[in-house]
Structures are given as C-alpha cells and as structure tokens.
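In the numbering used here, the protein residues as written are -11 to 620.
Think of the CB as a built atom: it goes at the ideal place given N, C-alpha and C, for glycine as much as any other residue.
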Amino acid sequence: MLTRHHVSVADLEAIATGRITAPTGTRIAAAERSRRMLMLRALAAAEREAEESGGPLPPLAHAFELLARAEALDPHAVASVLRHPPVGVWAVRLLGRLQGGVAGPRPGEPPLWREAGYAHALAAAAALRAGLPARVRLPAWAGKVILPTVGHAVLDDAPGDHDVATLETDGRGPARVTLGPHTLELPADPHLRAPGWHPARLLSWTPREPGPAVLLDDADPYRDFRSPWPPPAPLTDGESDTWQRHLHDAARLLGARHPDAARTVPLVLNSLVPLPGMPRFRTSSASYAEAFGSALVSLPRDAVDFAVTLVHESRHSVLNGLSHQIQLVDRAARGPRQDTLLYAPWRTDPRPPWGLLHGTYAFTGVADFWRTERHALAGPRAVLAHFEFAVWRDAVAIALRTLAGQPGLTPWGRSFVTEMARQTVPWADDDVPAEAFAPARAELADLRSTWCSHNLAPDPAATRLLADHRLGGGPGEEVTVPPSRPRADPPQRQPELRCELRRLHIADAGTFTPDTLARLSGVERSPDLLEADMCLLRGGPANAARAVDRYRAVLTGAPATRPAWVGLGLALEASGEGETATSLLHRPELVRALALEERARGARTPDPLELARWTARIPGLITQPATGVPQL
-11 MLTRHHVSVA DLEAIATGRI TAPTGTRIAA AERSRRMLML RALAAAEREA
39 EESGGPLPPL AHAFELLARA EALDPHAVAS VLRHPPVGVW AVRLLGRLQG
89 GVAGPRPGEP PLWREAGYAH ALAAAAALRA GLPARVRLPA WAGKVILPTV
139 GHAVLDDAPG DHDVATLETD GRGPARVTLG PHTLELPADP HLRAPGWHPA
189 RLLSWTPREP GPAVLLDDAD PYRDFRSPWP PPAPLTDGES DTWQRHLHDA
239 ARLLGARHPD AARTVPLVLN SLVPLPGMPR FRTSSASYAE AFGSALVSLP
289 RDAVDFAVTL VHESRHSVLN GLSHQIQLVD RAARGPRQDT LLYAPWRTDP
339 RPPWGLLHGT YAFTGVADFW RTERHALAGP RAVLAHFEFA VWRDAVAIAL
389 RTLAGQPGLT PWGRSFVTEM ARQTVPWADD DVPAEAFAPA RAELADLRST
439 WCSHNLAPDP AATRLLADHR LGGGPGEEVT VPPSRPRADP PQRQPELRCE
489 LRRLHIADAG TFTPDTLARL SGVERSPDLL EADMCLLRGG PANAARAVDR
539 YRAVLTGAPA TRPAWVGLGL ALEASGEGET ATSLLHRPEL VRALALEERA
589 RGARTPDPLE LARWTARIPG LITQPATGVP QL
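Following this line, the structure appears as structure tokens:
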C-alpha cells in the first residue's frame, strides 16, 4: 500500500543543519519505499506496453505477485528486500530500456530478459526471508545465482550455457538451487556458509549491541551504479573482518565526539560497496540518487578516514531522499543564469546549481566533522585536522554565497540554503593555528586557480588582439581584459597532485620524508615540476624564490603546463610579489593562452614572469571573473 508523504518545515530545518532525528530518518525511508513501489508499478506497465522481449523467464507480473504474497506473510521481509539500494539502480535502468524499445543490448549490456529477471531474484529472496513456499525461475550468471540481501550460490561446474536457475523452498526446510543438471542445497539458516553458498556479509555498527545491520555488498550485479553488472568479487573473511573493525572504530569515534553524525549515519546507510584501497589522501567514495542508503567506499586507512567518509556519503543519501519529495532547485527552469555551470572547490569540473547544492551539503558535514575532530588530536594529525577544517569551512562559505545568487532555487531550496548559512557563518570566527591556516589559504587559491586553468577559456579573438598589442610593445594598462567562459567539454582529470603533496607535507610534520614520492597516487608529474612543487610547499622566502625559478624554467620549455602556471602564481605570492601573482591566481587561463598564442606565431616562448607582470597591469583583471567563478 502506498502512503502520502510530506516534508514539514521542522524536518527541512533539521536536515539542512544535519541534526536528523530518528522520526525524520524514518519518514525519509518510508518515502523511499513508496518510491520503489511506484517504480515497480511503472515497470509492470512499461513491460505490458513494450514489444515482446523474448527470453526464458515469466513476465514481471509473476515476480511482483510473489512479492505481494510474501508481503502478506511477512511485511518486514519484503521491506528489507525493496530497500536494498541496487533495486533502485536496476529499476531505473530497466525502465529506460523498456521505454526506449528492445532493439537489442548495447555493448556490454545483458539481454533485456536477463535484466528483467532481477525481479525474479528479488521475489525469490523475499520468499526465502518470509518463509513462503515458492518455486522461482531466475537468472544465472556464469554459474552464479544471486539472491539479493540473502547471498549467492556458486555452481562452478555448471556449464556456461545454462542461463536460468530454479529456486525451490517449502518455507520451512533448506531451499534448493538448481542450474542445469546441478543442484545445491542451501543451509537451513541462509546466514550460514556452506560449500557453494556465500551468505550476504552483514556488518554491525557496534559490537555486542543490537542495531541495524550494514550489508557489505560484494556480489549484487547492481551494487556499483557506475558500471552495472560487475561480476561478484567475494571478499575473504580477513578482508570482511578488516571492514568490520574499521566500521566499529568509526562508529565509536562518531559516537564519542560527533553525536549528530552518529545518529544520522546508521539511519540512512544500510549498504557499503567495497572498493580497492587508495593512496592516503585520495579516498574514493560515491553515491547515487536511486541507490538510497548505499555508499561506494574505498578501503579506509583508519577510523578518522572512514568516519569522515561516512559523514560525507550519508549526507548525500539524505539529500537524495529529500529531493525525491520536494524540489530544491528548479532544474527545468530556463533563463540567463539558470543553466550556469558553477565552481565547486571540491570538484575538478563545473557543476550545475543542483550539483553544487549537493556537494555543499555534503562538505558542510565534512567541515563540521573537522571542526570538532581537530581538538581531539595531537601533533601533525591535529595540524592536518585544523587544515581540513579551514579548507572546507571556507569552501562551503564560497559555495553558499554562489548558491544564494542562483535564481533557480525554489522557495524550499532557498530556505534550505539559508539554514545551512545560518549554521556555518559563525564558523568563520573559529581560530585556526597559523601553521594550518596559511597552507589552507594556499590550498583554496590552488583549487580555484587550477579549476580556472582547466575549465575556462578566454575569448580567442580577444586573446589574439591582446597578443598583437603585447608583441607590438604596448603596455598592459592600455588594453581591455578579455572575457573567459566555461569550456564546452573540459577533459576529465585527476585532482591536482599538489593538493595531495600539501597534505603529505603537513602529515609528515612539515618535511618531505624519503618515501614521500612513493606514497603519491601515481598521477604523472615531471621531475622538474615536482621539485618546484616541493620547494613551494617547504615554505619560507628562500624556498619560494627557488620555486619561482623552477616553475619559470618548466614553463619556458613547456608553456602549456597548467599546474606550473598556478604554481608560479602561488610561489610569487609567497615570495612577496602579490601584484604579479594576481594575474596567475585570478586569470591563469588567460596568461597561459597568451603564452601559447605568442609561441604559435613563431615568436620565442615569452618569459613567464615577464608575461605575468604585463598581464597583471590590465585594468579590471580581477573584477571580471567568468560566470559562476567567485573572487578569491
């Protein structure tokens, strides 16, 4: 049965400030369940209207009828299956295929009948959980039969040409899975392991205390929304134990020092999809609107790393759930600024207003985490935590100011942004030690300038006129600054390596240890550019001067090197040449374009320092940023 849902003003304010109570979380989850039910209804209708898809399995209606019978017997069993995050990923994909026709799968896609067959796997899992007698035909993949939320059976010796398995259960004793000539009997308690049977891995938030379980999902074909249908990648017991230990440690940390987050995270996250470990400051995590309750997370290094990642991803899930009930940004609106792509300090690419709001909400939680956590740590770890707080506090403030000027916010959205601002504006008065504040300021300038150098392009005709004037000996004071606009298709890129190097420098107590380079994430960097970065980050006037010389040498030989232009600007500012640094920190894309234009004309590569000084004299250089890019 579907229920009407509403969002109260109190709930909106609680969500905006991250103070989510159990009743609020319950209401969000209930609305998500109704959304899933509507998806199933839409799938049934779309299948009836679609062309005949063929295939060996019954129509979706058979699976949904079994789900209904299981729900009548045990509503909680079906609710547990339907709230499984991959259900949303699957439903959206299948609905798109049914409504788009069934001409055939795209490369790498399974046939339509197999994708639709996931409904029968859901129904079989619900029947098992509810103790309902059933005989269900469902898809198999290379000898593997998936029962979402329950586990998966592996019949390794089953021939690969057997695509359909059968599950039989009398509702009381062990169930059986048959694939071709092979049959596997499941244990009476499907939570227990048996030869060929891999139960779903369930983690607990706290040891020896009852509470919601967390699925460590290493098998579901829709667990990774970025690339559906990855093969099961079963974790070893040792790997699962590591995840459990990290989860207990992170939950303990949140409970001790972050009560709001400790309450929110278990309310909204019920599934973790393990990703491989990443370098120290390159934690990988992701979530998806239709996979409410799930987070893809790389193997954490420690409790602090895991805790802040859980805070970040739980906030994405909360906002996804809220956005399914009310519209915060009018994404259908059109106007001179409605479809603007905006600067988000935590992203390498431009973001639409809705994407900026999403990230701002998540990083408000991150900044709040570090605001408290920094006082519980000592030594370099405390300095690093102060640094993270200062960076994300100011990044959130930048984003909130940008959002406040967006006409596409609905009244609900404007109220949401106002509440976030009311919570975070006082953070600007929080003290940050100088040893963390200075690199945090440099980090923010680095993020913005690097973003501009990759995502903005000055007007080509105006740039050519500017080069004509400069090569003719004209002074910068006599020209008009060319406008820059977001590039139509900026290439995908990794986060700037210098930001990772900056964190390593702080974590290593202001030094670069012999293994610093070995611990970097492997992003390509020329040795000369890397040495310039390390000179810059060591700090002090002498090192800043060395960094200027090294960046200058890199750019003389390779003027297209974007990180070197920004690095030169940072080094000039650190060495006391703030006026010259202005052009590189505010309009790096313009200085780079000028250098490349002059070189393309057959002239010698301009001296980077002289070019930066000339460009800094252009009137209005820092008062005309590109649309959506705030001033430093």
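According to DSSP, residues forming a beta bridge with residue 154: DSSP lists 125, 166 as partners of residue 154.
First through last residue of the beta strand (DSSP E) which encompasses residue 140: Per DSSP, residue 140 is one residue of the beta strand (DSSP E) stretching across 139 to 142.
Applying the criterion that 16 or more other CB atoms from any shown protein chain within 10 Å of the CB defines a buried residue, is residue 555 buried or exposed? Flag for residue 555 reads buried.
Taking one C-beta from the region 367 to 382 and one from the region 499 to 512 each time, how about it: are there three or more such pairs within less than 8 Å? Under the Cβ criterion (8 Å, minimum of three pairs), the region 367 to 382 does not count as touching the region 499 to 512.
Roughly how many angstroms separate the alpha carbons of residue 388 and residue -4, rounded to a whole number? In this structure, the straight-line span from the alpha carbon of residue 388 to that of residue -4 is close to 23 Å.
Using only the alpha-carbon positions, how far apart do residue 621 and residue 47 sit? With the chain covering only -11 through 620, there is no way to say anything about residue 621.
Alpha helix (DSSP H) segment containing residue 625, residue limits: Because the chain is modelled from -11 through 620, residue 625 falls outside the range shown and cannot be assessed.
Per DSSP, the bridge partner or partners of residue 202: Looking at the DSSP assignment, residue 202 forms a beta bridge with 191.
Can you tell me whether residue -6 is buried or exposed, with buried defined as 16 or more other CB within 10 angstroms of its CB? When all chains shown are included, residue -6 counts as exposed.
Nearest-angstrom Cα distance between residue 246 and residue 401? Computed Cα separation, rounded: 26 Å.
Counting beta carbon pairs with one atom in the region 158 to 178 and one in the region 215 to 222, are three or more of them shorter than 8 Å? The region 158 to 178 and the region 215 to 222 do not touch, with fewer than three beta-carbon pairs separated by less than 8 Å.
Helix or strand or just coil, what does DSSP make of residue -5? Look at residue -5 here: in three-state DSSP terms it is coil, with no helix or strand label.
8 Å contact criterion, which residue 292 and residue 249 should meet: CB distance rounded: Residue 249 and residue 292 do not touch by the CB rule: their CB atoms are close to 13 Å apart, not below 8 Å.
Do residue 330 and residue 434 have their CB atoms nearer than 9 Å? No, they are not a contact pair.
Simplified DSSP assignment, three categories, for residue 602: Correct three-state label for residue 602: helix.
CB residue 6 to CB residue 313, shorter than 9 Å? Inclusion of residue 6 and residue 313 in the CB contact set at 9 Å is not warranted, their separation being larger than that value.
For residue 81, which option in 151, 601, 212 has the closest C-alpha, if you only look at C-alpha atoms? Of 151, 601, 212, the residue nearest in Cα terms is 212.
Determine, using beta carbons only, whether residue 12 and residue 2 come nearer to each other than 9 Å. Yes, these two residues count as a Cβ contact at 9 Å.
Count the C-beta pairs between the region 337 to 350 and the region 44 to 62 that are closer than 8 Å, then say yes if the count reaches three, no if not. At 8 Å Cβ cutoff, the stretches do not touch.
I'd like to know whether the C-beta atoms of residue 629 and residue 260 end up nearer to each other than 9 Å. With the chain covering only -11 through 620, there is no way to say anything about residue 629.
In chain order, what are the residue ranges of uninterrupted beta strand (DSSP E) at least 3 long that sit wholly in the region 220 to 245? Secondary structure within the region 220 to 245: not one fully enclosed beta strand (DSSP E) run of 3 or more consecutive residues is present.
Does the Cβ-Cβ distance between residue 254 and residue 239 come in under 9 Å? In contact: residue 254 and residue 239 (Cβ atoms closer than 9 Å).
Proximity to residue 380 [Cα-Cα], best of 418, 589, 393: Among 418, 589, 393, the Cα nearest to that of residue 380 belongs to 418.
Alpha carbon to alpha carbon, what distance is there between residue 63 and residue 391? Those two C-alpha atoms are separated by around 42 Å.
Does the region 463 to 477 touch the region 436 to 453, meaning 3 or more C-beta pairs lie closer than 8 Å? The way I'd put it, the region 436 to 453 does touch the region 463 to 477; three or more beta-carbon pairs between them come closer than 8 Å.
Output yes or no for whether 9 Å exceeds the beta carbon distance between residue 208 and residue 304. Not a contact, by the Cβ cut-off of 9 Å.
For residue 183, tell me which candidate among 125, 571, 171 has the shortest Cα-Cα distance. When each option's Cα is compared against that of residue 183, the closest is 171.
In terms of residues, what are the limits of the alpha helix (DSSP H) holding residue 525? Counting along the chain, the alpha helix (DSSP H) containing residue 525 begins and ends at 515 to 526.
Counting only the same chain and skipping the five closest in sequence on each side, list residues whose C-beta sits under 8 Å from that of residue 360. Apart from sequence neighbours up to five positions away, the residues of its chain that approach residue 360 with a beta-carbon distance below 8 Å are 245, 246, ordered along the chain.
Reduced DSSP category for residue 586 - H, G, I as helix; E, B as strand; rest coil: Helix, per DSSP.
Thinking just about the alpha-carbon of each residue, which of 60, 94, 124 is nearest to the one in residue 118? The option with the nearest alpha carbon to residue 118 is 60.
Tell me which same chain residues have a C-beta within less than 7 Å of the C-beta of residue 188, skipping the five on either side of it? The answer, listed in chain order, is 137, 138, 139, 203.
Buried/exposed call for residue 346, threshold 16 Cβ in 10 Å: It counts as buried.
Is it buried or exposed, residue 31, if we count other Cβ atoms within 10 angstroms and call 16 or more buried? With 16 or more neighbouring CB atoms inside 10 Å of its own CB, residue 31 falls in the buried class.
How close, in whole Å, do the beta carbons of residue 516 and residue 541 come, if the pair is a contact with beta carbons under 8 Å? About 7 Å separates the two Cβ atoms, so the contact holds.
Bounding residues of the beta strand (DSSP E) (the contiguous stretch that carries residue 563): No beta strand (DSSP E) holds residue 563; DSSP gives it neither H nor E.
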